[in-house]
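So the protein sequences, as listed, match chains C and Y. For the first sequence, the positions run 673 to 810 when the numbering used here is used. For the second sequence, the positions run 673 to 810 when the numbering used here is used. A virtual CB, placed ideally from N, CA and C, is assigned to each residue, including glycine.
Protein chains: 2
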Amino acid sequence: MIEMHPIGYVRTDAHNLPRHWSVSDVEGTLVIDEAYREGLRDIRPGERIVVLFCFDRSPRFTPELLRQKPPHRDREYGVFSICSPRRPNPIGLSVVTVLAVDGTSLQVKGIDMLDRTPILDIKPHIEAATPSGQADEK
Amino acid sequence: MIEMHPIGYVRTDAHNLPRHWSVSDVEGTLVIDEAYREGLRDIRPGERIVVLFCFDRSPRFTPELLRQKPPHRDREYGVFSICSPRRPNPIGLSVVTVLAVDGTSLQVKGIDMLDRTPILDIKPHIEAATPSGQADEK
């Protein structure tokens, strides 16, 4: 068993959230705990970042959820091929664009998380390597 | 506090691992627990998948790790702008290519995880939306 602790939470006024970040232009704020301020110092407006978060309002995972039919698809898929919030470990991943950095609050666009969703990590967004192997990786 | 349970582990013979999946062509196996077999049914060779895993051999996070100098960079960065395994929550993210599916074992290429690393989740790899908003999202 592995223990995780939220580093902050999502704040958004949106109630009708898109089903996925890739089709979202909803704005919101990532409110990060003051203790992590120094960890945010190199995040700049315009950057895309990966946000890992906890699906804290999802039901407990049961074997019937190993296959699920996404609302916008016409058949069931294995849970590891879809982005359903009902997963063995309730970790969500969204790629959002930073609009502004205000202390430990990041204004972002591309939100598909519910208001008050606990955030577990932020990572740089890294595209796949080019054929020469020179991905823009930090 | 949020509890996570591994769904399987990474198996690789490689000892000199590249620093990042984006520059890796190391092969290995994702050995998933039999209980999750049905969740893997739609994963196909040639697909890229996102693997979330636990940096189980990293030291406990302390405030001095909020800024770190990656070995191949010339200055310190905030931890949320780099892919260091020493993070507030020890979650790693790698994008790998599926070579073959054999029951609950996935042969993959692009490994940057240590042998026996616990796996927490597998997700489809989704590129950013096109301007028309039509990302290939499940």
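Close beta carbons around residue i, own chain, < 8 Å, minus the five adjacent residues each side
{"i": "residue 797/C", "result": "719, 720, 721, 722, 767"}
{"i": "residue 776/C", "result": "680, 703, 704, 705, 706, 708, 709, 712"}
Contact with chain C by residue i, beta-carbon distance below 8 Å
{"i": "residue 787/Y", "result": "no"}
{"i": "residue 768/Y", "result": "no"}
{"i": "residue 759/Y", "result": "yes"}
{"i": "residue 725/Y", "result": "no"}
{"i": "residue 783/Y", "result": "no"}
{"i": "residue 710/Y", "result": "yes"}
{"i": "residue 777/Y", "result": "no"}
{"i": "residue 750/Y", "result": "yes"}
8 Å Cβ cutoff, residue i in contact with chain Y
{"i": "residue 771/C", "result": "no"}
{"i": "residue 688/C", "result": "no"}
{"i": "residue 795/C", "result": "yes"}
{"i": "residue 753/C", "result": "yes"}
{"i": "residue 774/C", "result": "no"}
{"i": "residue 722/C", "result": "yes"}
Cβ neighbours of residue i in the same chain (closer than 7 Å, five flanking residues each side left out)
{"i": "residue 747/C", "result": "741"}
{"i": "residue 690/C", "result": "696, 698, 784"}
{"i": "residue 683/C", "result": "700, 701, 703, 787"}
N- and C-terminal bounds of the beta strand (DSSP E) containing residue i
{"i": "residue 777/C", "result": "777-781"}
{"i": "residue 682/C", "result": "680-683"}
{"i": "residue 726/C", "result": "720-726"}
{"i": "residue 741/C", "result": "Taken as a continuous stretch (DSSP letters only), residue 741/C belongs to no beta strand (DSSP E), as it is neither H nor E."}
{"i": "residue 702/C", "result": "699-704"}
{"i": "residue 674/C", "result": "674-676"}
{"i": "residue 766/Y", "result": "763-774"}
{"i": "residue 794/Y", "result": "790-796"}
Close-in-space but distant-in-sequence residues of the same chain around residue i (CB under 6 Å, 5 per side omitted)
{"i": "residue 687/C", "result": "none"}
Mind checking the region 730-748 of chain C against chain Y and listing, in chain order, the residues whose C-beta falls within less than 8 Å of any C-beta there? 735, 738, 739, 742, 745
Looking at chain Y, which residues of the region 673-688 of chain C have a Cβ within less than 9 Å of any of its Cβ atoms? 673, 674, 675, 676, 677, 678, 679
Between the region 722-741 of chain Y and the region 755-764 of chain Y, can you find at least three pairs of beta-carbon atoms closer than 8 Å? yes
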